[in-house]
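There are 2 protein chains.
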Amino acid sequence: MPDYKAPLRDLRFVREELLGYAAHYQSLPACRDATPDVVEAILEEGARFCEEVLAPLNRVGDREGCRWSEAGVTTPSGFREAYRRYVEGGWSSLAHAPEYGGQGLPESLGMAVTEMVGSANWAWGMYPGLSQGAMNTLSAHGTAEQKATYLTRLISGEWTGTMCLTEPHCGTDLGLLRTRAEPRDDGSYRISGSKMFISAGEHDLAENIVHIVLARLPDAPPGTRGISLFIVPKFLPGEGGGLGRRNGVRCGSIEEKMGIHGNATCVLNFDDATGFLIGPPHKGLACMFTFMNTARLGTALQGLAHAEAAFQGAVRYARERLQMRALSGPKAPELPADPIIVHPDVRRLLLTIKAFAEGNRALLYFAAQQVDIARYGEDEQQRQTAEALLAFLTPIAKAFMTETGFEAASHGLQVFGGHGYIREWGMEQNLRDSRIAMLYEGTTGVQALDLLGRKVLMTQGEALKGFTRIVHRFCQAHRANAALREFVEPLAQLNREWGELTLQIGMKALQDREEVGAAAVDYLMYSGYACLAYFWADMARLAAEKLAAGSGEAAFYRAKLQTARFYYARVLPRTRGHVAAMLSGAGNLMEMAAEEFDLGA
Amino acid sequence: MPDYKAPLRDLRFVREELLGYAAHYQSLPACRDATPDVVEAILEEGARFCEEVLAPLNRVGDREGCRWSEAGVTTPSGFREAYRRYVEGGWSSLAHAPEYGGQGLPESLGMAVTEMVGSANWAWGMYPGLSQGAMNTLSAHGTAEQKATYLTRLISGEWTGTMCLTEPHCGTDLGLLRTRAEPRDDGSYRISGSKMFISAGEHDLAENIVHIVLARLPDAPPGTRGISLFIVPKFLPGEGGGLGRRNGVRCGSIEEKMGIHGNATCVLNFDDATGFLIGPPHKGLACMFTFMNTARLGTALQGLAHAEAAFQGAVRYARERLQMRALSGPKAPELPADPIIVHPDVRRLLLTIKAFAEGNRALLYFAAQQVDIARYGEDEQQRQTAEALLAFLTPIAKAFMTETGFEAASHGLQVFGGHGYIREWGMEQNLRDSRIAMLYEGTTGVQALDLLGRKVLMTQGEALKGFTRIVHRFCQAHRANAALREFVEPLAQLNREWGELTLQIGMKALQDREEVGAAAVDYLMYSGYACLAYFWADMARLAAEKLAAGSGEAAFYRAKLQTARFYYARVLPRTRGHVAAMLSGAGNLMEMAAEEFDLGA
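Protein sequences appear in the order of chains A and B. Numbering follows full-length UniProt numbering, with no gaps: position 277 of the first sequence is 277. Numbering follows full-length UniProt numbering, with no gaps: position 59 of the second sequence is 59.
Next comes the structure, spelled out in structure tokens:
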């Protein structure tokens with residue numbers, strides 16, 4: 001991977017100038033400590049840590065990978081030391097509750113740091129990243145004692161956490177899970193079973209690992225209504241806050257994967273391990289859904305991270321690599337050939353990556369504001385509105401950002417020509433690492449069903465209206481502005497169409513439930529392009545205002561305006577294909593008999 | 001990789017039923033030996049070899065990779081033995097001239113074998129595959145003596161060959177190349193320089209390697225007009241047909257790559273190596289262009305190979321993996337969950353792969369017929385028509401088939417959920433292996449410029465008309481057929497639009513040459529979708545006829561018809577996005593100053 005440079009200017013543009021984060025934080029009493037000075041200091045300090053400590057370990061992690069032995073998992077060289085510095089720097093406690101040792105800063109600020117961490121070194125970032133799920137579970141559903149014992153140490157970074165959901169025969173379909181939890185007389189539970197695909201499930205970065213495990217009680221009803229949550233620490237808490245005895249959870253092996261080699265993906269065997277129930281019995285899945293949105297935004301972020309990395313690598317290479325002359329005549333006659341950035345198709349690749357990276361950044365921090373409001377808002381109505389908007393945007397962000405992140409990573413590799421395929425340049429690692437994001441935390445197909453089925457259709461379209469209303473207001477406010485007509489007119493049209501499509505699919509779904517699944521992914525991708533159309537229009541609006549006001553950073557704002565134009569001209573028209581596909585009906589998918597798919601052999 | 005099963009039924013469908021290969025071979029006197037019996041025997045024998053010998057080595061090659069030492073390159077376990085059996089089986093000599101030991105069978109039949117070889121094990125297939133370039137060069141431009149010495153041994157498979165074009169500073173831009181060739185008194189040349197990315201450049205499969213090297217003579221004009229071709233064998237030919245002394249070409253290292261690990265990608269250092277001029281001085285590039293089309297079809301084939309492998313793996317998994325119930329109610333109530341093939345989005349993925357694999361197969365074997373006619377046609381007019389059609393279809397096939405092959409490989413992985421990301425299942429190898437195909441033999445961008453600039457616009461659209469005329473005739477012939485209306489009407493419309501788009505871009509290009517590069521990739525992808533629309537319509541026509549005639553293989557033909565419908569409903573509408581993008585003009589790509597792309601840091 002080429003060196004990472006944190007996009008601090010763009011973060012400021014999106015957060016402060018576009019989304020008014022300073023005012024946003026001041027409007028939420030719990031966020032008032034996040035003054036502009038504090039935010040700026042954290043982002044700059046975070047940028048330095050990511051650029052200097054994490055980015056240089058990105059390739060090391062890929063090459064060395066993790067090593068398994070009976071004794072445990074060894075992470076790549078430098079990972080331990082980086083984690084120590086991360087903890088020392090207080091990064092693990094940033095956005096967590098002060099009563100458990102956190103700094104009480106907003107979740108959205110934590111996400112900005114996570115963006116930089118993830119762009120610099122995604123595999124490393126997953127170790128502290130996975131702790132988030134455990135911390136969220138404990139915050140929301142733990143007893144005071146559980147919080148005092150586990151949450152404080154997760155926040156301090158002394159311990160890390162995991163989420164143990166998947167089993168060999170069940171990923172998406174958690175109703176099938178078999179791990180058992182039998183009550184003991186002392187109030188604890190005996191946990192037995194096998195989990196797989198547990199990211200950061202075993203490692204040498206911290207002295208203890210707190211596994212949050214989904215399992216069934218003996219009297220559990222079948223299916224998803226019979227799942228409970230348990231805390232299963234690697235080492236049981238000992239007397240006086242120290243570590244007690246080793247618990248019966250072992251890492252049986254780690255997976256060989258396409259990428260993210262620096263992160264250990266573990267098979268965890270629970271063999272009469274001691275666990276502690278968290279939350280009410282049989283309500284484990286419901287408990288997890290309370291913070292599913294934040295977890296999924298954390299994965300959405302991965303798409304942004306790989307797009308950013310692809311962009312940085314590809315732009316630099318495109319300016320340096322000399323190959324062929326521009327079709328319209330030499331642009332650098334003093335050199336043996338022109339830098340490839342003169343070629344329109346190289347620019348098409350670069351601008352596609354740029355449009356996704358910067359557009360997705362706007363989407364992410366807009367969603368992150370809703371996280372803040374849903375969590376810290378003082379007014380119930382305000383919290384509910386934010387929660388609804390977040391529920392709608394989360395599956396879009398998760399699936400669209402990871403799909404376009406993978407696409408961006410592939411374009412970044414393409415700019416390098418044959419060199420892109422070689423390890424040395426890091427672009428192929430970026431592509432390999434990016435591919436997982438469309439799978440874990442719910443595949444694109446699962447996100448799409450969540451969006452169209454649960455979120456949009458089950459609310460009779462209300463969830464959609466929460467967002468299209470915002471777009472509509474934007475279009476109304478700027479419809480008389482001739483300079484913005486190229487954006488506002490197509491956006492208004494798209495916004496209307498979005499509602500009409502929803503209605504049409506909803507009507508068909510009444511006749512045939514399969515229509516939902518048949519339209520879902522095209523509907524989701526359409527929604528993603530539509531969201532970015534709104535954010536690019538708003539970014540263009542802001543850039544035009546800055547330029548009109550004679551900003552001293554004309555080049556920066558001009559590039560925003562040009563990228564918005566590129567997006568509308570060359571990316572947004574992909575919606576036409578999605579519209580046709582989603583309206584084409586379930587028939588063309590469902591007619592073929594399962595055994596007739598492959599009669600060609 | 002899951003086990004490979006050669007798609008013999010589908011090959012028969014495309015070659016015999018759709019494209020009438022039996023009559024095609026009988027119409028060309030040089031191909032008359034390829035009787036239906038001979039063809040069938042070769043395909044069956046080839047299928048067995050690929051399934052039993054090559055496919056089991058596919059994963060071995062990925063895991064072990066090649067090992068470099070001073071002494072040379074060691075290929076993965078089993079590769080040598082497989083190559084020995086390949087040579088013994090006579091596979092290397094199949095489609096080559098009898099006067100040099102070949103079997104004289106048609107090139108298009110060789111391609112069918114190559115499809116199976118490549119689908120079973122692409123990395124292995126590249127060793128004999130690269131020999132093709134050397135054989136083509138020698139056939140077309142070698143002296144009788146050069147043919148007797150080198151061509152015969154390449155055809156027999158005793159020796160293999162390479163094409164040495166790329167240097168560290170030049171890939172696409174061969175005009176920059178620096179390798180020098182100085183004449184010696186004995187008529188040979190002293191070759192000095194360094195080549196990179198030389199596939200199969202060094203290995204242990206054969207006793208000698210014949211490198212075809214691009215280099216400059218001392219009096220060479222600069223640029224592409226000063227490049228000559230040389231034969232540089234690893235071992236010089238000795239007395240009596242044996243091996244002589246080791247020549248001054250050494251493999252300095254092999255690349256670490258994203259995939260195709262079983263194939264050695266070499267840096268070759270030529271240190272006063274002895275070379276022999278082939279073809280006229282300074283005409284090396286022109287000589288190579290004479291068989292560029294065949295070489296590029298060989299790479300197009302890689303897209304097909306990975307799509308086929310993705311399809312076979314994904315369908316099998318989708319029928320076995322149980323997860324969730326169908327939205328419309330349980331389909332396998334006796335099982336704990338339904339097989340995932342019941343879910344519409346899984347079917348969407350499978351059918352997308354299937355539509356690409358089978359559609360691209362039709363495109364490939366149609367192009368392969370033009371290769372036969374261009375080579376063996378007895379009538380000059382007929383040869384020229386085929387050559388023109390081939391010139392038009394080749395960049396489309398190379399770029400579109402490899403882009404959609406990569407997409408298909410990614411969908412195949414997606415069907416496996418998280419398991420797709422794990423080595424064990426082979427789907428991630430398929431994706432990694434597929435990524436190179438969009439880069440080598442000319443990137444997608446290069447193919448697109450070749451198509452739109454050189455082929456279409458430089459012939460005033462004549463090259464396009466050669467194909468649209470065929471489509472037009474098809475539409476005319478079937479316009480009254482109500483059963484085919486769903487295909488013929490949109491196809492006719494698309495065919496008209498294709499010409500109109502070409503005209504519009506051509507007009508714009510007169511004003512600004514950059515318009516060609518700005519439209520090229522979208523134009524190429526549009527052309528690819530349009531080509532497949534024709535082939536899918538024709539396949540639907542044939543399937544409908546077979547069904548109407550009461551074929552005993554109704555399921556097979558029904559699946560063809562259903563896949564055609566899927567393609568028209570859900571894939572072909574992507575053309576709408578490409579149309580908008582290609583007509584949007586060069587401005588949205590060219591306006592941004594090179595230094596203003598990345599001001600976000």
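Idealized CB from N, CA, C, for every residue including glycine.
Inset, instruction - Whole angstroms is fine: what's the gap from leucine 431 of chain B's alpha carbon to arginine 383 of chain A's? - result: 43 Å
Inset, instruction - Round the Cβ separation of isoleucine 227 of chain B and leucine 285 of chain B to the nearest angstrom and send it over; I've been treating them as touching at under 8 Å. - result: 5 Å
Legend entry - Length at least 4, wholly inside the segment 416 to 465 of chain B: the alpha helix (DSSP H) runs in chain order: 427 to 435, 444 to 449
Legend entry - Pairwise C-alpha distance: lysine 465 of chain B and glycine 453 of chain B: 15 Å
Legend entry - Spatial distance of histidine 203 of chain A from threonine 265 of chain A (CA atoms): 10 Å
Inset, instruction - Go to arginine 316 of chain B, then tell me how far its alpha helix (DSSP H) extends in each direction, as first and last residue. - result: 292 to 320
Legend entry - arginine 59 of chain A: contacting residues in chain B (beta-carbon distance under 9 Å): In chain order: nothing, as chain B lies at least about 11 Å away.
Inset, instruction - Compute the Euclidean distance between the alpha carbons of threonine 172 of chain B and histidine 419 of chain A, then round it to the nearest angstrom. - result: 12 Å
Inset, instruction - Could you confirm whether any beta carbon from chain B is found closer than 8 Å to the beta carbon of glutamate 70 of chain A? - result: no
Inset, instruction - Report, in whole angstroms, the separation of the C-beta atoms of leucine 349 of chain A and glutamine 414 of chain A, which I expect to be a contact under 8 Å. - result: 6 Å
Inset, instruction - Could you pull out every residue in the same chain whose Cβ sits closer than 6 Å to the Cβ of aspartate 345 of chain B, ignoring the five residues on either side in sequence? - result: none
Legend entry - Segment contact, 8 Å Cβ cut-off, at least three pairs: the segment 21 to 40 of chain B with the segment 73 to 84 of chain B: no
Inset, instruction - Assess, as a yes-or-no matter, whether the segment 103 to 113 of chain B is touched by the segment 356 to 376 of chain B under the definition of 3 or more beta carbon pairs within less than 8 Å. - result: yes
Inset, instruction - Compare the Cα-Cα distances from glutamine 511 of chain A to each of B:Ile396, B:Tyr86, B:Leu327, B:Glu596 and report the closest residue. - result: B:Leu327
Inset, instruction - Below 8 Å on the Cβ atoms is my guess for leucine 151 of chain B versus glycine 142 of chain B; work out the distance and round it to an integer in Å. - result: 6 Å
Inset, instruction - Output, in chain order, the set of chain A residues within a Cβ distance shorter than 7 Å of threonine 172 of chain B. - result: Gln323, Met324, Gly417
Legend entry - CB contact flag (phenylalanine 400 of chain B, methionine 258 of chain B, <8 Å): no
Inset, instruction - Using a Cβ cut-off of 7 Å, pull out every chain B residue sitting near glutamate 428 of chain A, in sequence order please. - result: Met258
Inset, instruction - Run down chain B in chain order and give the residues with a C-beta less than 7 Å from the C-beta of histidine 343 of chain A. - result: Gly517
Legend entry - Buried versus exposed call for leucine 503 of chain A [16 or more other C-beta atoms within 10 Å across all chains shown]: exposed
Legend entry - Rounded straight-line distance, which links the Cα of alanine 374 of chain B to that of threonine 385 of chain B: 8 Å
Inset, instruction - Give the straight-line distance between the Cα atoms of tyrosine 100 of chain A and glycine 161 of chain A, rounded to the nearest whole angstrom. - result: 16 Å
Legend entry - Nearest candidate by alpha-carbon position, reference aspartate 522 of chain A, set A:Ala581, A:Phe197, A:Phe311: A:Ala581
Legend entry - Rounded C-alpha distance that separates histidine 343 of chain A from arginine 558 of chain A: 20 Å
Legend entry - alanine 206 of chain A, DSSP secondary structure in three states: coil
Legend entry - Spatially closest choice to glutamine 302 of chain A from A:Phe356, A:Thr274, A:Arg319, A:Gly329, by CA coordinates: A:Phe356
Legend entry - Beta-carbon spacing of valine 579 of chain A, leucine 501 of chain A below 8 Å: yes
Legend entry - Interface positions of the segment 562 to 590 of chain A facing chain B (Cβ-Cβ less than 7 Å), listed along the chain: Gln562, Arg565, Phe566, Ala569, Arg570, Pro573, Arg574, Arg576, Gly577, Ala580, Ala581, Ser584, Ala586, Asn588, Leu589, Met590
Legend entry - Cβ pair count under 8 Å reaching 3, the segment 50 to 62 of chain A against the segment 7 to 14 of chain A: no
Inset, instruction - Going by DSSP, name the residue or residues bridged to valine 73 of chain B. - result: B:Trp68
Inset, instruction - Just mark alanine 388 of chain A as buried or exposed, buried being the case when its beta carbon has 16 or more other beta carbons within 10 Å. - result: buried
Legend entry - Other residues of its chain near serine 77 of chain A: CB distance less than 7 Å, five sequence neighbours each side excluded: Val60, Glu64
Inset, instruction - Closer than 7 Å, Cβ to Cβ, to anything on chain B: give me those residues from the segment 7 to 26 of chain A, in chain order. - result: Pro7, Leu8, Arg9, Asp10
Inset, instruction - Starting from serine 328 of chain B, find everything on chain A with Cβ-Cβ shorter than 8 Å and list it in chain order. - result: Asp512, Arg513, Glu514
Legend entry - N- and C-terminal bounds of the beta strand (DSSP E) containing glutamate 182 of chain A: 180 to 183
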